[in-house]
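135 is the number of the first residue of the sequence shown in the working numbering; add one for each residue after it. Each remark here refers to the structure printed beneath this line.
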Amino acid sequence: MLRPKWMSAERFRKTWQFLAVTVLGLVVALGSERMGWLQDYENIYYDYWHQIAGKRRDAHHAAVIAVDDDTLLQYKDDPLAFWQPIFAQAMQTLTAAGVKSIGLDFIYAVSAEAWLRKLNLPDSEVSRNYDAPFRGQLAQGNKILIAQLVETSGGELELMGPPQDHLLMMPGGIFDTGVANHYPDGDRLVRTFYPVVIPEKEFPGVGFAMQLVLRATGGDTGAPSWSYGGETYPRVRERRRIGFVGPPGSMLTVSMSRLLKPDALNDPEVKKLKGRAVIISPSDIGTPDRHFTPYSRMVFGNSNEMMIGGEVHANAIETIISGIYPRSLSLWIAWPSLVLVLIAVVTLYLRMHPAAGLGVGLACSAAVLIPAFSLFQKDLLLSVAPFHVALATAYLATLALRLTGEERQRAQLKSMFGQYVSDVVVDKLIAEGQRPNLSGEKLQVTVLFSDIRNFTTISEKLDAEEVVEMLNAYFGRTCEPILEQGGMVNKFIGDAVMAVFGSPVHYDDHARRALLAAQGMAREAAGFKDWMKQRFPDRGLPEFGIGIGVHTGPAVMGDIGSVKRREFTAIGDTVNAASRLEGVTKDIGCVVAASAAAIAAAGGGIRTGRQQVVHVKGKAEPIEVFEVMIDP
Numbered sequence: 135m136l137r138p139k140w141m142s143a144e145r146f147r148k149t150w151q152f153l154a155v156t157v158l159g160l161v162v163a164l165g166s167e168r169m170g171w172l173q174d175y176e177n178i179y180y181d182y183w184h185q186i187a188g189k190r191r192d193a194h195h196a197a198v199i200a201v202d203d204d205t206l207l208q209y210k211d212d213p214l215a216f217w218q219p220i221f222a223q224a225m226q227t228l229t230a231a232g233v234k235s236i237g238l239d240f241i242y243a244v245s246a247e248a249w250l251r252k253l254n255l256p257d258s259e260v261s262r263n264y265d266a267p268f269r270g271q272l273a274q275g276n277k278i279l280i281a282q283l284v285e286t287s288g289g290e291l292e293l294m295g296p297p298q299d300h301l302l303m304m305p306g307g308i309f310d311t312g313v314a315n316h317y318p319d320g321d322r323l324v325r326t327f328y329p330v331v332i333p334e335k336e337f338p339g340v341g342f343a344m345q346l347v348l349r350a351t352g353g354d355t356g357a358p359s360w361s362y363g364g365e366t367y368p369r370v371r372e373r374r375r376i377g378f379v380g381p382p383g384s385m386l387t388v389s390m391s392r393l394l395k396p397d398a399l400n401d402p403e404v405k406k407l408k409g410r411a412v413i414i415s416p417s418d419i420g421t422p423d424r425h426f427t428p429y430s431r432m433v434f435g436n437s438n439e440m441m442i443g444g445e446v447h448a449n450a451i452e453t454i455i456s457g458i459y460p461r462s463l464s465l466w467i468a469w470p471s472l473v474l475v476l477i478a479v480v481t482l483y484l485r486m487h488p489a490a491g492l493g494v495g496l497a498c499s500a501a502v503l504i505p506a507f508s509l510f511q512k513d514l515l516l517s518v519a520p521f522h523v524a525l526a527t528a529y530l531a532t533l534a535l536r537l538t539g540e541e542r543q544r545a546q547l548k549s550m551f552g553q554y555v556s557d558v559v560v561d562k563l564i565a566e567g568q569r570p571n572l573s574g575e576k577l578q579v580t581v582l583f584s585d586i587r588n589f590t591t592i593s594e595k596l597d598a599e600e601v602v603e604m605l606n607a608y609f610g611r612t613c614e615p616i617l618e619q620g621g622m623v624n625k626f627i628g629d630a631v632m633a634v635f636g637s638p639v640h641y642d643d644h645a646r647r648a649l650l651a652a653q654g655m656a657r658e659a660a661g662f663k664d665w666m667k668q669r670f671p672d673r674g675l676p677e678f679g680i681g682i683g684v685h686t687g688p689a690v691m692g693d694i695g696s697v698k699r700r701e702f703t704a705i706g707d708t709v710n711a712a713s714r715l716e717g718v719t720k721d722i723g724c725v726v727a728a729s730a731a732a733i734a735a736a737g738g739g740i741r742t743g744r745q746q747v748v749h750v751k752g753k754a755e756p757i758e759v760f761e762v763m764i765d766p
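Pasting the structure below:
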């Protein structure tokens, strides 16, 4: 990438990093979504939204007739394989109640009559006409029996349907059946259904729910497509989301035992079935026909209750007729939203500390959930996974850039200046993108020299370990004001301290910072007197004191030394003058002496006392010196 002439190198670097991180986040997120790698993660939130939302609406087009424990107890002496007359009675009541279509969610390999004939029992009216009421109901044409696709031991799929003598009574024969298989996702949760399982017209491959809708609305089973609820359902095998009305039990459910009572048509619950497509389905405690749905995922301590197969089919019927189900948000809205969020967050990532950036990323990832759930309430799906993947990828990319770029630069600067400047100075060096010119450059700086008065006398009265202890304690205190003001503790020369302000980081007010640091050092030295008295009470030491000289002027800054030992330091007349001014403090009787150049560069607000023109060693011209007053 070529850098425009008008753009600085640092701005170009930051722009390149911003674009690289943003594009990488988008490519990884959108690419992963397109490849389907995020679907399992997305399903987690899809399930959570269902559970948090609870019951979403009332069903108006479908219902479940439950063969529950009450029904089984009522006919406990009748084997379920011989329930055709009981089903026929329930169907007759449903038809009289105004039901549009009836599906029987039970499958039999053989009819009761055929099984009785296999026993070679004496011919009787019962054996000939046991199923007659049931066959009569099937002949009316609004009934759908289930078929199941099963896999043989050879790996082939076969359609297992109702007994042949039942199919003969149905107007459409085998085409009056519906494939009732449920097709869960990889995590075993049922979220979708197939309106058409086998597309070829010569096969009875229409799904159970779609068949009941067609019978309820007078649709043509053999048509190439159907339109309901503003949606077109072509005769192809494709998954459709189920628009669940709520958790298990939300669908209108009536016990079949109520349909078998003499006054069933006067039952308010039975009256609600008018105009609906209904499914007679097993619902007893022992039925295996139960399935995991979005409401089955454990969240917030909720139970993972399963939904009976008949209710799953009923939700699919409601979805088809109403046209209400969760739809993906338009890509023209979702993708620009992702881009805008990513741009904002990457901008923060590149400016903030990694720990703070991680907090921002987590906060934004959580914030995305709010509009996602709000949209789900309106049956619109905002994919959460791409946002999370994009934000995570961008964060890791930013972290990698820091580790390979800025953090490496920080480590280098820290190793070079870490002992002499504060972390704030190192951060400022990195933020400005300007490394010091180690080969040497002439800069306007302020140099501070500090020395301990009567150090020779003090050191003669202390042993070596005590001298080191005293110096370490003293330097630990008096260097803090230098670092706080952004100065560089350049070197220690015995008991002397040399500090530079204005390099390696430039401050326009470097002279003021140096004078404020000098005042702070003087206050720390005053407090250090007490430490000396307490630590060495009976040594006859002279009273502890220091002198500080401050001068502003040009100096050469560079990495100076031998091959084996080098240091970044200042050299020149300004350094020499500051060192001489430290000695002048003894002559004029003050703690801090600053040149007129330093006072002028510092601007107003620095209180001065005595003024004197002095001649210092090594300078032909005299220097005007001011006493700097120590503010409390």
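A virtual CB, placed ideally from N, CA and C, is assigned to each residue, including glycine. The model shown is predicted, which means the values in this text are computed figures rather than measured ones.
Fill in: Pairwise C-alpha distance: residue 622 and residue 641
Position 507 of the sequence shown, counted from the start, is the residue given in the question as residue 641. Position 488 of the sequence shown, counted from the start, is the residue given in the question as residue 622. Approximately 12 Å between the Cα atoms of the pair.
Worksheet item: If residue 379 sits next to residue 193, beta carbons under 8 Å apart, how far is it from one beta carbon to the other, in whole angstroms?
Response: Taking the first residue of the sequence shown as position 1, residue 379 is located at position 245. Taking the first residue of the sequence shown as position 1, residue 193 is located at position 59. Sure, about 5 Å apart at Cβ, within 8 Å.
Practice prompt. For residue 478, count neighbouring C-beta atoms within 10 Å of its own C-beta (all shown protein chains included) and say buried if the count is 16 or more, exposed if not.
Written response: In the sequence shown, the residue the question calls residue 478 occupies position 344. Looking at its Cβ environment, which holds fewer than 16 other Cβ atoms inside 10 Å, residue 478 is exposed.
Worksheet entry | Nearest-angstrom Cβ-Cβ length linking residue 503 and residue 509, presumed shorter than 8 Å | By one-based count along the sequence shown, residue 503 stands at place 369. By one-based count along the sequence shown, residue 509 stands at place 375. With a Cβ gap of about 11 Å, residue 503 and residue 509 do not count as contacting.
Discussion item. The alpha helix (DSSP H) that contains residue 663, what's its start and end?
Written reply: For the purposes of this step, residue 663 is identified with residue 529 of the sequence shown, where counting begins at 1. Unbroken alpha helix (DSSP H) run through residue 663: 644-669.
Worksheet item: Where residue 283 and residue 245 are concerned, what is the direct C-alpha to C-alpha distance, given to the nearest angstrom?
Response: As a position in the sequence shown, residue 283 is number 149, starting the count at 1. As a position in the sequence shown, residue 245 is number 111, starting the count at 1. Going from the Cα of residue 283 to the Cα of residue 245 covers about 20 Å.
Worksheet item: Which residues bound the alpha helix (DSSP H) around residue 430?
Response: Position 296 of the sequence shown, counted from the start, is the residue given in the question as residue 430. Segment: none, residue 430 is in no alpha helix (DSSP H) and carries neither H nor E.
Fill in: C-beta neighbour in chain D for residue 508, strict 9 Å
Note that chain D does not occur in the displayed structure, where there is just one protein chain.
Practice prompt. Helix, strand or coil for residue 161, going by three-state DSSP, please let me know.
Written response: Taking the sequence shown and counting its residues from 1, one reaches residue 161 at position 27. Residue 161: helix per DSSP, three-state reduction.
Worksheet item: Assuming residue 724 and residue 741 make a contact with CB atoms under 8 Å, what is their CB distance in whole Å?
Response: Translated into positions along the sequence shown, residue 724 becomes position 590. Translated into positions along the sequence shown, residue 741 becomes position 607. Contact flag wrong, Cβ pair sits at about 12 Å.
Fill in: CB of residue 712 within 9 Å of CB of residue 581, strictly
Numbered from 1 along the sequence shown, position 578 holds the residue referred to as residue 712. Numbered from 1 along the sequence shown, position 447 holds the residue referred to as residue 581. In contact: residue 712 and residue 581 (Cβ atoms closer than 9 Å).
Worksheet item: How many whole angstroms separate the CB atoms of residue 414 and residue 201, which I take to be in contact at a CB cut-off of 8 Å?
Response: As a working mapping, residue 414 is identified with position 280 in the sequence shown. As a working mapping, residue 201 is identified with position 67 in the sequence shown. At roughly 7 Å, the Cβ-Cβ gap stays under 8 Å, so residue 414 and residue 201 are in contact.
Discussion item. Classify residue 310: buried if its beta carbon has 16 or more other beta carbons within 10 angstroms, exposed otherwise.
Written reply: If you number the sequence shown from 1, residue 310 lands on position 176. Result: buried.
Item to complete: Please name the residue, chosen from 266, 633, 668, 475, that lies closest to residue 501 on a Cα-to-Cα basis.
Response: Working through the sequence shown from its first residue, we reach residue 501 at position 367. Nearest option by C-alpha distance: 475.
Item to complete: Leaving out five residues on either side along the sequence, give the residues of the same chain with a beta carbon under 6 Å from the beta carbon of residue 576.
Response: For the purposes of this step, residue 576 is taken as the residue at position 442 of the sequence shown. These residues qualify, in order along the chain: 688, 690.
Fill in: residue 178 versus residue 506 - alpha carbon distance
The residue you call residue 178 lines up with position 44 of the sequence shown. The residue you call residue 506 lines up with position 372 of the sequence shown. The alpha-carbon atoms of residue 178 and residue 506 are separated by roughly 13 Å.
Discussion item. For residue 407, tell me which candidate among 229, 157, 323 has the shortest Cα-Cα distance.
Written reply: Start at 1 with the first residue of the sequence shown, and residue 407 comes out as number 273. Closest by alpha carbon: 229.
Fill in: Contacts around residue 457, its chain only, beta-carbon distance under 8 Å, and the 5 residues preceding and following it disregarded
Position 323 of the sequence shown, counted from the start, is the residue given in the question as residue 457. The answer, listed in chain order, is 362, 363, 364, 365.
Worksheet item: When the Cα atoms are used, what is the spatial distance from residue 199 to residue 396?
Response: By one-based count along the sequence shown, residue 199 stands at place 65. By one-based count along the sequence shown, residue 396 stands at place 262. Between residue 199 and residue 396, the C-alpha separation is close to 17 Å.
Worksheet item: To which residues does DSSP link residue 388 through a beta bridge?
Response: As a position in the sequence shown, residue 388 is number 254, starting the count at 1. In the DSSP output, where bridge partners are listed per residue, residue 388 has 199.
Item to complete: Report yes if the CB atom of residue 412 is closer than 9 Å to the CB atom of residue 425, and no otherwise.
Response: Here the question's residue 412 lines up with position 278 in the sequence shown. Here the question's residue 425 lines up with position 291 in the sequence shown. Cβ distance not < 9 Å, so residue 412 and residue 425 don't count as in contact.
Fill in: residue 692 beta carbon less than 9 Å from that of residue 703
Against the sequence shown, residue 703 aligns to sequence position 569. Against the sequence shown, residue 692 aligns to sequence position 558. For residue 703 and residue 692, yes; Cβs fall inside 9 Å.
Practice prompt. Assess, as a yes-or-no matter, whether the stretch 154-161 is touched by the stretch 492-500 under the definition of 3 or more beta carbon pairs within less than 8 Å.
Written response: no
Item to complete: Assuming residue 468 and residue 227 form a contact by the criterion Cβ under 8 Å, report the distance between their Cβ atoms to the nearest whole angstrom.
Response: Within the sequence shown, residue 468 is the residue found at index 334, counting from 1. Within the sequence shown, residue 227 is the residue found at index 93, counting from 1. Actually they do not touch by this definition, with Cβ atoms about 49 Å apart.
Worksheet entry | Residues near residue 274 by beta carbon distance below 8 Å, same chain, minus five either side | On the sequence shown, residue 274 is found 140 positions in, with the first residue counted as 1. Answer for residue 274: 229, listed in chain order.
Item to complete: Report the three-state DSSP secondary structure of residue 757 (helix, strand or coil).
Response: Numbered from its first residue, the sequence shown carries residue 757 at position 623. Strand, per DSSP.
Practice prompt. Leaving aside the five residues before and after residue 579 along the sequence, list all residues of the same chain whose C-beta is less than 8 Å from its C-beta, in chain order.
Written response: What you label residue 579 is simply residue 445 of the sequence shown in a count that begins at 1. These residues qualify, in order along the chain: 634, 635, 636, 637, 644, 686, 687, 688, 689, 691, 704, 708.
Discussion item. For residue 473 and residue 351, what's the separation of their Cα atoms in angstroms?
Written reply: One-based indexing of the sequence shown puts residue 473 at position 339. One-based indexing of the sequence shown puts residue 351 at position 217. Rounded to whole angstroms, residue 473 to residue 351 spans 45 Å at the Cα level.
Worksheet item: Does the beta-carbon distance from residue 265 to residue 218 come in below 9 Å?
Response: As a working note, residue 265 is residue 131 in the sequence shown. As a working note, residue 218 is residue 84 in the sequence shown. Yes, the Cβ-Cβ distance between residue 265 and residue 218 is below 9 Å.
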